[in-house]
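For reference, the structure is listed below as structure tokens.
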Amino acid sequence: MLSLTSPVETPAHGWRVGPKLLALAGLTLGLFLPAPGWPALALALAVLVAAALAAGRWAILAAWLRLFRPLWPFALLLILWHGVTRTPLEGAVILLRMAAAMGAANLVTMTTRLADLQGLVLWLMRPLAPILPAKPLAIAIALMIRFVPVMSDRAAQLAQAWPARSSRRARARLMAPRALAALDDADRVAEALRARGGAL
Amino acid sequence: MEPIRLTHASCSVPGKTLLHDLSVTLAGRRIGLIGRNGSGKTTLLRLIAGLVAPSAGTVRLGETDPFADRKAALRKIGILFQNPDHQILFPTVEEELAFGLTQLGQPQAQALALAKARLAAEGREDWTKRAVSTLSHGQKQWLCLQAILLMGPETLLLDEPFAALDLPTETRLRRQLARLPQRLITIAHRPDDLSDCDEVLWLEAGRLAGFGPPAQVLPGFIAEMTRLGAEDAP
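In the order they appear, the protein sequences are chains A and B.
Going by our numbering, the first sequence opens with residue 1, and the numbers climb by one from there.
Going by our numbering, the second sequence opens with residue 1, and the numbers climb by one from there.
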């Protein structure tokens, strides 16, 4: 999710995050409302085409299309099943509904800056402030964004340290060092937080 | 500038005592901290910064207990870790700079504006939104130093600030540090780095081996280090 935000600016980048997510929720709900076959198919197709149009430029469209890849096994299964039961229209509706919902959701992810999403989450959490104060939550989100790449770097270093002294594959044996390294990092982060005020 | 006072201060972790019964008053503006690897230099900095509590004795910055009264300690002391990657907490430069200010009670928007102004004053306005992961080691160190300086502490604790820096970066950092009006307590290894200090504190196996002006402490230190270096490790 972190790397999904597209650096290529599209019209959808400019839409405000709140309405964008609300529209996504409404659209997804609408897609899955019970409806007769042909209109349902038309609606799903319309959503899919609208998402593709909003994706706009080719550079992001290609990336957007690649995100449909995990859908293939399910598509295959649906085609098989509805082929056997001779219900092609129902099959097509389910397939297009899935594709439309996924396409629209991916488009939102790709065109929304993480900082905006974070702002929205914090705004939505305001009623919970007495139980879950906003500031630690904001720091936790920022720490996650900062340390996901740090931890994957650390994992990559460990993955190199192993073959540097062994001819055998590391496989699962790096799991423990990775976990320990993460704990080590957590200790250091706690200290760095304390050095600048911590939970004040 | 308030003196930093340690009174019979010790520091232990389970199974090991890292600092034994230190009593010393640091009052100079440039203070050097020397000693061999494992002699307790970093532990002493962490003790003074209030990151760990003494297991016995007291540490005071003026009247403040840096471990118990974090709010007051933050305005008095800032620490630069040896590895900037262990210090940087936020994904972008502006957030990293603003964090300390919000901790001192500034609203987020104002803290971000101050961070931006500091970057502009240093001629690095284009750094504002940069991801910290794209910075070089020297740039990260600079960022950590600025993040601490923005909080305006009286004393800076520097843990081997020049380790792992290339020569030009080291020279630049030395110049920046020399200009600072704050009190600097610096861990160093080379005696040459310490001749300008007001006071030098020499730790040996967690105990005070010497304290005073460099001319008084350094000759003994150099003689001992030379003697040890001439022997092979046991």
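Note that beta-carbon positions come from the ideal geometry of N, C-alpha and C, so glycine has one too.
>> So, for A:V121: in the same chain, excluding its five sequence neighbours on each side, which residues have a beta-carbon less than 6 angstroms away from its beta-carbon?
In response: Around A:V121: no qualifying Cβ.
> Under a CB-based cut-off of 7 angstroms, is B:P66 close to chain A?
Replying inline: Closer than 7 angstroms to the CB of B:P66 there is not a single CB belonging to chain A.
> Does the beta carbon of B:L157 come closer than 7 angstroms to any beta carbon on chain A?
Replying inline: Using beta-carbon distances, B:L157 does not count as an interface residue toward chain A, since no partner is under 7 angstroms.
> What is the DSSP secondary structure of B:E199, counted as helix, strand or coil?
Replying inline: In the three-state DSSP reduction, B:E199 falls in the strand class (E or B).
> In terms of residues, what are the limits of the alpha helix (DSSP H) holding A:K209?
Replying inline: Because chain A is modelled from 1 through 200, residue 209 of chain A falls outside the range shown and cannot be assessed.
>> Distance check for B:T186 and B:P153, CA to CA, integer angstroms please.
In response: In this model, B:P153 and B:T186 are separated by some 15 angstroms (Cα to Cα).
>> On the DSSP letters alone, give me the boundaries of the alpha helix (DSSP H) that A:F32 sits inside.
In response: Annotation: A:F32 is outside any alpha helix (DSSP H) and is labelled neither H nor E by DSSP.
> Is A:A182 close to chain B, meaning its C-beta is less than 7 angstroms from at least one C-beta of that chain?
Replying inline: No, because no Cβ of chain B sits closer than 7 angstroms to the Cβ of A:A182.
> Exposed or buried, which one is A:M146 when buried takes at least 16 other CB atoms within 10 Å?
Replying inline: Per the sequence shown, residue 146 of chain A should be read as Arg rather than Met. A:R146 is buried by the Cβ-count criterion.
> In three-state DSSP terms, what is B:L18?
Replying inline: B:L18 falls in the strand class under three-state DSSP.
> Taking any Cβ of chain B, which residues in the segment 173-197 of chain A have a Cβ under 8 angstroms from it, in chain order?
Replying inline: If the cut-off is 8 angstroms between Cβ atoms, the segment 173-197 of chain A has R188, V189, E191, A192, L193, R194, A195, R196, G197 near chain B.
> The beta strand (DSSP E) with B:L80 in it runs from where to where?
Replying inline: Judged by DSSP secondary structure, B:L80 falls within the beta strand (DSSP E) whose first and last residues are 77-80.
> Does the beta-carbon distance from B:L47 to B:C11 come in below 7 angstroms?
Replying inline: In this structure, B:C11 lies closer than 7 angstroms to B:L47 by Cβ.
> Under a CB-based cut-off of 7 angstroms, is B:P91 close to chain A?
Replying inline: With 7 angstroms as the cut-off, B:P91 counts as an interface residue toward chain A.
> beta strand (DSSP E) containing B:T186: first to last residue?
Replying inline: Start and end: 183-187.
> Within this structure, are the beta carbons of B:G206 and B:H20 separated by less than 7 angstroms?
Replying inline: At the C-beta level, B:G206 and B:H20 come within 7 angstroms of one another.
> Where do the ends of the alpha helix (DSSP H) carrying A:T109 lie?
Replying inline: Unbroken alpha helix (DSSP H) run through A:T109: 88-110.
> Would you say A:L48 and A:A99 are within 7 angstroms of each other, going by their C-beta atoms?
Replying inline: Yes, these two residues count as a Cβ contact at 7 angstroms.
> Does DSSP classify B:A56 as helix, strand or coil?
Replying inline: Looking at B:A56 - three-state DSSP - the assignment turns out to be strand.
>> Which of the three DSSP states is assigned to B:A223 in this structure?
In response: Looking at B:A223 - three-state DSSP - the assignment turns out to be helix.
>> Can you pull the chain B neighbours of A:P149, defined as C-beta to C-beta under 9 angstroms?
In response: Chain B residues near A:P149: P91, A131, S133.
> Based on the DSSP secondary-structure assignment, which residues constitute the bridge partners of B:T25?
Replying inline: Its beta-bridge partners are B:R5.
> Do you know how far the Cα of B:H8 is from the Cα of B:V52?
Replying inline: Cα-Cα distance, rounded: 15 angstroms.
> Leaving out the 5 sequence neighbours to the left and right, which residues in its chain are closer than 6 angstroms to B:V200 when beta-carbon positions are compared?
Replying inline: Excluding five sequence positions before and after B:V200, the CB atoms of its chain that fall closer than 6 angstroms to its own CB belong to G32, L194, P214, V217, given in chain order.
> Using a Cβ-Cβ cut-off of 7 angstroms (strictly less than) and excluding sequence neighbours within five positions of A:H13, which residues of its own chain qualify?
Replying inline: Only T111 meet the Cβ criterion.
>> Any beta carbon from chain A within less than 7 angstroms of B:H137's own beta carbon?
In response: Closer than 7 angstroms: no.
>> Does B:E94 pass the burial test, meaning 16 or more other C-beta atoms within 10 Å, or should it be called exposed?
In response: Answer is buried; the Cβ neighbour count reaches 16.
>> For a contact defined as C-beta to C-beta under 7 angstroms, what are the partners of B:I79 on chain A?
In response: For B:I79, the neighbours in chain A by C-beta distance under 7 angstroms run, in chain order, A195.
> Which of helix, strand or coil does DSSP assign to B:G50?
Replying inline: The answer is coil: DSSP assigns B:G50 none of H, G, I, E or B.
> Going by alpha carbons, who is nearest to A:L96 out of A:T109, A:L78, A:V108, A:V84?
Replying inline: Closest option to A:L96, Cα to Cα, is A:L78.
>> Can you give me the C-alpha to C-alpha distance between B:I222 and A:P177, rounded to a whole angstrom?
In response: Rounded to whole angstroms, B:I222 and A:P177 show a C-alpha spacing of 40 angstroms.
> Which residue or residues does DSSP assign as beta-bridge partners of B:I31?
Replying inline: Its beta-bridge partners are B:I185, B:E199.
> B:F81 to B:D69, Cα distance in whole Å?
Replying inline: The straight-line gap from Cα to Cα measures roughly 21 angstroms.
> Looking only at C-alpha atoms, which of A:A75, A:R168, A:G198 sits nearest to A:E90?
Replying inline: In this structure, A:A75 is the residue among A:A75, A:R168, A:G198 with its C-alpha nearest to the C-alpha of A:E90.
> Closer than 9 angstroms, Cβ to any Cβ of chain A: which residues of the segment 100-131 of chain B, in chain order?
Replying inline: Those residues of the segment 100-131 of chain B placed with their C-beta closer than 9 angstroms to a C-beta in chain A are G100, T102, Q103, L104, G105, Q108, A131, ordered along the chain.
>> Could you give the first and the last residue of the continuous alpha helix (DSSP H) run that contains B:L208?
In response: Annotation for B:L208: no alpha helix (DSSP H) segment contains it, though the beta strand (DSSP E) segment containing it runs 207-212.
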